[in-house]
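**Student:** In my numbering, the protein residues as written are 24 to 173.
Positions of the beta carbon are idealized from the N, C-alpha and C atoms, including for glycine.
If you're wondering where the values come from, they're calculated on a predicted model, not measured in any experiment.
Pasting a structure below so you can have a look.
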């Protein structure tokens, strides 16, 4: 192990401990922190822009077995074009469960997030049994669905 010294023994540093093998200056630490913040901000912006594209891929992988985007083309589940902002159980051409019809839900992004996480908990008696437990995947799918206006 390297010998530790107090920063006081190196001059202008006040009482913090640094390793003799890795004496990082305050200035270097601040530059590294600033650079990290810039990179994190850039990555967050990229993630926000990529969410609908990622959501489309996730929709195809996780949802397209039962759902479609094309209006009027119900599969095992209803078509989801224009679903964001619409009333639950309002898509024509699909036989919704009595539980979903009686739910009174509007498919806001928050309600979709809760429902997709645990459909049978949010609406006991719903026909949809499979949820999306991963919050990031739900957010991407909902972002994609938000781009699919009627």
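(1) Rounded to a whole number of angstroms, what is the C-alpha to C-alpha distance between residue 159 and residue 113?
(2) If you drop the 5 nearest sequence neighbours on each side, which residues of the same chain put their C-beta closer than 6 angstroms to that of residue 135?
(3) What do you reckon, are the CB atoms on residue 110 and residue 171 nearer than 8 angstroms?
(4) Can we say the segment 123-141 touches the segment 91-101, given the rule of at least three CB pairs closer than 8 angstroms?
(5) Between which two residues does the alpha helix (DSSP H) harbouring residue 121 extend?
(6) How far does the alpha helix (DSSP H) with residue 118 in it reach, from first residue to last?
(7) How about residue 93 and residue 162: are their beta carbons less than 8 angstroms apart?
(8) Residues in its own chain within less than 8 angstroms of residue 140 by CB, not counting five upstream and five downstream?
(9) From residue 89 to residue 122, what does the alpha carbon distance come to, in whole angstroms?
(10) So, for residue 82: in the same chain, excluding its five sequence neighbours on each side, which residues have a beta-carbon less than 7 angstroms away from its beta-carbon?
(11) In the DSSP assignment, find the alpha helix (DSSP H) that holds residue 145 and state where it starts and stops.
(12) Going by beta carbon distance, what residues of the same chain come within less than 7 angstroms of residue 130, once the five residues before and after it are set aside?
(13) Once DSSP output is grouped into helix, strand and coil, what is the label at residue 161?
(14) To the nearest angstrom, how far is it from the Cα of residue 77 to the Cα of residue 147?
(15) To the nearest angstrom, report how far apart residue 151 and residue 133 are at their CA atoms.
**Tutor:** Let me lay it out:
(1) Taking the Cα positions, residue 159 is about 27 angstroms away from residue 113.
(2) Cβ neighbours of residue 135 beyond the five flanking positions: 165.
(3) 8 angstroms or more divides the Cβ of residue 110 from the Cβ of residue 171.
(4) No, the segment 123-141 does not touch the segment 91-101.
(5) Secondary structure note for residue 121: its alpha helix (DSSP H) is the uninterrupted segment 121-125.
(6) It is not in any alpha helix (DSSP H) - residue 118 carries neither H nor E in the DSSP assignment.
(7) Going by beta carbons, residue 93 and residue 162 fall outside the 8 angstroms limit.
(8) Non-local C-beta neighbours of residue 140 in its own chain, meaning closer than 8 angstroms and more than five positions away in sequence, comprise 154, 155, 156, 158 and 161, ordered along the chain.
(9) Looking at the two C-alpha atoms, the distance is approximately 19 angstroms.
(10) Within the same chain, and ignoring the five residues on either side of residue 82 in sequence, the residues whose Cβ sits closer than 7 angstroms to its Cβ are 164 and 167.
(11) Looking at the DSSP string, the run of the alpha helix (DSSP H) that includes residue 145 is 142-145.
(12) Here the set comprises 106, 107, 108, 109 and 111.
(13) Under the three-state reduction of DSSP, residue 161 is assigned to helix.
(14) Their Cα atoms are separated by approximately 29 angstroms.
(15) Residue 151 and residue 133: Cα-Cα distance of roughly 18 angstroms.
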